[in-house]
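All remarks here apply to the structure that follows.
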């Protein structure tokens, strides 16, 4: 998934997103919430979407910018290719993928979701801190 996102960014003339351990952990915790609370929502388990980003320390910086993509599917509809295509066809999800972010964290968990199983739940957490250089277009 990271390769596909960075390839899409490259095709759009944007720089790659750096891996972030904090955002990887927050995406993992969010995927667990979605499955654990059986709630496909940015507010799974009654938590705001930034909850796990805050818990992993990503939001400890005085200035930050973040976004979240969630997706799920069963069988081949849960595959990386199928999920990536669906996200890129959605204007708001595409905006995050091609957005003004410098870092990314991704997780995928498999479990029962809303009576469908096994479901592949994908979480993408995007972020930047104000003190880090903003992504620039490639030459």
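Numbering (our numbering), first residue to last: 24 to 162. Don't be surprised by glycine CBs; every beta carbon is placed ideally from N, CA and C. For clarity, every value in this text was computed on a predicted model and none was experimentally measured.
*Can you give me the Cβ contacts of residue 35 inside the same chain, cut-off strictly under 8 Å, excluding the 5 residues immediately before and after it?*
The residue given as residue 35 occupies position 12 in the chain shown. Closer than 8 Å at the Cβ level, and outside the excluded window around residue 35, lie 121.
*Straight-line Cα distance separating residue 25 from residue 108*: Along the chain shown, one-based indexing puts residue 108 at 85. Along the chain shown, one-based indexing puts residue 25 at 2. Straight through space, the alpha carbons of residue 25 and residue 108 are spaced by roughly 13 Å.
*For residue 79, count neighbouring Cβ atoms within 10 angstroms of its own Cβ and tell me buried if that reaches 16, exposed if not.*
Residue mapping note: residue 79 aligns to position 56 of the chain shown, counting from 1. That one is buried.
*Give me whichever residues DSSP pairs with residue 55 in a beta bridge.*
Here residue 55 refers to the residue found at position 32 when the chain shown is read from its first residue. Paired residue(s): none; residue 55 is not in a bridge.
_According to DSSP, is residue 97 part of a helix, a strand, or is it coil?_
On the chain shown, residue 97 is found 74 positions in, with the first residue counted as 1. Residue 97 carries a strand assignment under DSSP once its states are collapsed to helix, strand and coil.
*Which of helix, strand or coil does DSSP assign to residue 148?*
Taking the first residue of the chain shown as position 1, residue 148 is located at position 125. DSSP places residue 148 in the strand class (E or B) of the three-state scheme.
*Assuming residue 106 contacts residue 43 (C-beta within less than 8 Å), just tell me the rounded distance between them.*
Looking up residue 106 in the chain shown gives position 83. Looking up residue 43 in the chain shown gives position 20. A Cβ-Cβ separation of about 20 Å leaves residue 106 out of contact with residue 43 under the 8 Å criterion.
_Per DSSP, the bridge partner or partners of residue 121_ = Numbered from its first residue, the chain shown carries residue 121 at position 98. The partner list for residue 121 (beta bridge, DSSP) is empty, contrary to what the question assumes.
_Just verifying my parser: in three-state terms, what is the DSSP assignment at residue 41?_
Taking the chain shown and counting its residues from 1, the one referred to as residue 41 is at position 18. In the structure shown, residue 41 falls within a strand segment according to DSSP collapsed to helix, strand and coil.
_Assumed close pair residue 142, residue 104 - CB separation to whole angstroms, cut-off 8 Å_ = Your numbering for residue 142 matches position 119 in the chain shown. Your numbering for residue 104 matches position 81 in the chain shown. Not really, about 17 Å apart at Cβ, beyond 8 Å.
_Just verifying my parser: in three-state terms, what is the DSSP assignment at residue 36?_
Position 13 of the chain shown, counted from the start, is the residue given in the question as residue 36. Judged by DSSP in its simplified three-state form, residue 36 adopts coil rather than helix or strand.
*asked:* Assuming the contact rule is C-beta atoms closer than 8 Å, residue 134 and residue 82 should be a hit. Round their C-beta distance to whole Å, please.
replied: One-based indexing of the chain shown puts residue 134 at position 111. One-based indexing of the chain shown puts residue 82 at position 59. So it is not a contact: roughly 27 Å between Cβ atoms.
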